[in-house]
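Visitor: The sequence shown runs 48 to 357 under my numbering.
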Amino acid sequence: MDGPTGQHRDGTALTVALLAVGVLGVSLAAPIGAAAAAPALAIAFWRNAGAAVVGVAYTAVAPRARAELRSETGRRGWRPSVVAGVWLAVHFAFWMPSLKLTSVAAATALVCSTPIWVVAWDLVRGKRVPPAVLVGVALAMFGVLVITGVDATTSPEALLGDVFALLGGVAAAGYVLQGAQAREHLSTNGYTVIAYLTCAALLAVLCLATGTSVTGFSGTTWVQIGVLTLAAQLLGHSVLNRTLRTAGSSTVSLAILLEVPGAALVAWAWLGEEPPLALVPGALLVLAGLVVVIVRNVTPRRRDVVVTGQ
């Protein structure tokens with residue numbers, strides 16, 4: 048586990064490697080979520096609850112982790128961590144149901160609109176957004192449009208799924224921005240324990256309020272939920288949360304765009320959902336945008352390493 052901010056920042060090579068692992072993890076989220084024979088809200092609850100249990104278990108056996116949460120610096124990270132957990136719950140409450148309503152490719156592309164909302168929030172707050180970041184975001188988002196095309200479906204169900212996925216992307220921006228603030232005071236474990244517990248608690252309340260069953264699934268479904276928790280939550284979200292301290296919210300939210308081609312390929316191989324023909328050039332545009340932002344953002348000798356989300 049990484050230490051508190053100010054003691055250590057990952058170098059560029061490690062940050063890029065962690066981003067790659069995180070993107071690979073989250074790329075499994077949409078296909079597994081679409082395939083699992085369980086209510087969307089139940090899947091969202093269990094993946095967060097499972098990850099929270101892992102974090103709590105680590106904290107229970109690690110004196111340093113417990114001391115961090117009680118420290119003056121750590122206490123400053125509680126509030127943004129809780130707010131991030133609220134945003135994460137809203138994100139899952141919209142995005143997981145969208146996977147049951149529209150295609151994996153459409154839902155993933157729309158939920159990955161996060162960079163637009165991250166940059167938009169910075170502009171609203173009057174923050175200076177470097178031109179390179181704007182160019183990188185524009186390139187990456189154009190890549191997403193190339194991959195998915197215009198999803199002008201006439202199906203009311205699919206359209207509702209698209210709207211849910213887009214709202215999930217807006218909520219994900221709030222999660223990333225608050226997470227960047229929390230990571231200035233807490234390690235990855237300290238932050239994710241609070242955020243995941245908050246998210247799981249809110250989703251549990253939502254499941255109760257809507258009468259959504261969280262038990263009684265088949266063995267196969269439980270295995271899928273377990274794989275989803277390990278891959279998408281622990282190796283996906285948690286690893287990406289670590290990179291927030293060094294890469295910044297704009298870079299991380301942009302890297303998540305690579306989930307679009309990743310999820311499309313997994314859905315093709317596993318679910319038989321053939322990806323758009325423009326997948327390759329679109330993915331290259333996403334990569335180009337990511338490279339532009341990383342070159343601008345991940346510079347250890349600069350104080351403004353975290354360009355956005357402060």
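Don't be surprised by glycine CBs; every beta carbon is placed ideally from N, CA and C. The model shown is predicted, which means the values in this text are computed figures rather than measured ones.
Report the rounded CA-to-CA distance for L337 versus A60, giving the unit in angstroms.
Guide: Looking at the two C-alpha atoms, the distance is approximately 14 Å.
Visitor: For A60, does the three-state DSSP call read helix, strand or coil?
Guide: A60: helix per DSSP, three-state reduction.
Visitor: If you draw a straight line from the C-alpha of W93 to the C-alpha of V73, how long is it?
Guide: The straight-line gap from Cα to Cα measures roughly 16 Å.
Visitor: Which residues in the same chain as A67 place their Cβ atom closer than 6 Å to its Cβ, once the five residues preceding and following it in sequence are excluded?
Guide: Cβ neighbours of A67 beyond the five flanking positions: none.
Visitor: Specify, as a first and last residue, the run of the alpha helix (DSSP H) that K174 falls within.
Guide: Counting along the chain, K174 falls outside any alpha helix (DSSP H), and DSSP gives it neither H nor E.
Visitor: For my contact list, A229 and G124 are in at a C-beta cut-off of 8 Å; report their separation, rounded to the angstrom.
Guide: Contact holds; Cβ gap of about 5 Å.
Visitor: Out of V340, V327, V339 and E119, point me to the one whose CA is closest to L192's CA.
Guide: It is V327 whose Cα lies nearest to the Cα of L192.
Visitor: Is DSSP giving S285 helix, strand or coil here?
Guide: Three-state DSSP puts S285 in a helix.
Visitor: Go to H138, then tell me how far its alpha helix (DSSP H) extends in each direction, as first and last residue.
Guide: Looking at the DSSP string, the run of the alpha helix (DSSP H) that includes H138 is W125 to L148.
Visitor: Tell whether a beta-carbon distance below 8 Å holds between E306 and T149.
Guide: Not closer than 8 Å, so no.
Visitor: Quick one: Cα of V101 to Cα of A109, how far?
Guide: Answer to the nearest angstrom: the Cα atoms are 12 Å apart.
Visitor: Roughly how many angstroms lie between the CA atoms of S285 and E321, to the nearest whole one?
Guide: So the two alpha carbons sit approximately 30 Å from each other.
Visitor: Would DSSP call G69 helix, strand or coil?
Guide: Helix.
Visitor: First and last residue of the alpha helix (DSSP H) that includes Q225?
Guide: It spans P203 to A229 - the alpha helix (DSSP H) in which Q225 sits, taken as one unbroken run.
Visitor: Determine the burial state of R122: buried for a count of at least 16 other Cβ atoms within 10 Å of its Cβ, exposed for fewer.
Guide: It counts as exposed.
Visitor: My assumption, with CB atoms under 8 Å, is that L332 sits in contact with L186. Please give the rounded CB distance.
Guide: Confirmed, about 6 Å.
Visitor: Can the beta-carbon of G97 be found closer than 8 Å to that of T276?
Guide: Yes, the Cβ-Cβ distance between G97 and T276 is below 8 Å.
Visitor: Inspect the beta-carbon positions of I79 and V274 and report whether they are closer than 8 Å.
Guide: Cβ distance < 8 Å, so I79 and V274 count as in contact.
Visitor: If you reduce the DSSP assignment to three classes, tell me which class G263 lands in.
Guide: The answer is coil: DSSP assigns G263 none of H, G, I, E or B.
Visitor: So for P86, helix, strand or coil by DSSP?
Guide: P86: coil per DSSP, three-state reduction.
Visitor: Going by beta carbon distance, what residues of the same chain come within less than 6 Å of N95, once the five residues before and after it are set aside?
Guide: Cβ neighbours of N95 beyond the five flanking positions: Y243, C246 and A247.
Visitor: Are there 16 or more other CB atoms within 10 angstroms of the CB of P308, so buried, or fewer, so exposed?
Guide: Result: buried.
Visitor: In chain order, what residues of the same chain lie with their CB nearer than 7 Å to the CB of V240, ignoring the 5 residues before and after it?
Guide: Only A99, G102, V103 and T106 meet the Cβ criterion.
Visitor: With three or more C-beta pairs closer than 8 Å as the rule, is the region 209 to 223 touching the region 126 to 145?
Guide: Touching, per the Cβ criterion.
Visitor: Assuming W142 and F211 are in contact, meaning their beta carbons sit under 8 Å apart, how far apart are those beta carbons, in whole angstroms?
Guide: That belief holds up - the Cβ atoms of W142 and F211 are roughly 7 Å apart, short of 8 Å.
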